[in-house]
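> First residue of the sequence shown: 52, per this note's numbering; consecutive thereafter. Note that the Cβ used here is the ideal one computed from N, Cα and C, for glycine as well.
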Amino acid sequence: MSSSYGGTSAFDRLRARLDGRSRACEECGFVDEEGGWKAVTSGATVEYRRECPSCGTDHVRRYRL
Ligand SMILES: [Zn+2]
52 MSSSYGGTSA FDRLRARLDG RSRACEECGF VDEEGGWKAV TSGATVEYRR
102 ECPSCGTDHV RRYRL
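(1) With H, G and I counted as helix, E and B as strand and the rest as coil, what does DSSP make of A95?
(2) Specify the secondary structure class of D63 as computed by DSSP and reduced to three states.
(3) Does at least one heavy atom of ligand 1 sit under 7 angstroms from the Cβ of E78?
(4) Ligand 1 and T96: does the residue's C-beta get closer than 7 angstroms to at least one heavy atom of that ligand?
(5) Rounded to the nearest angstrom, what separates P104 and T59 at their Cα positions?
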């Protein structure tokens, strides 16, 4: 858990932003401590998905690169 690794990419910055908040499910309120966002890129946008292990809701965040 160190921030000393080099070469921070846009992906890493976005992921860090996501990891810093919104771990609680918007549907059921379950807080997923271990869950991570999975990144899917499609050219100009990156999509982060996370599925709530409690209720199965798919959370999606979309960002423009
Ligand atoms: Zn949920």
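The structure says:
(1) coil
(2) helix
(3) yes
(4) no
(5) 29 angstroms
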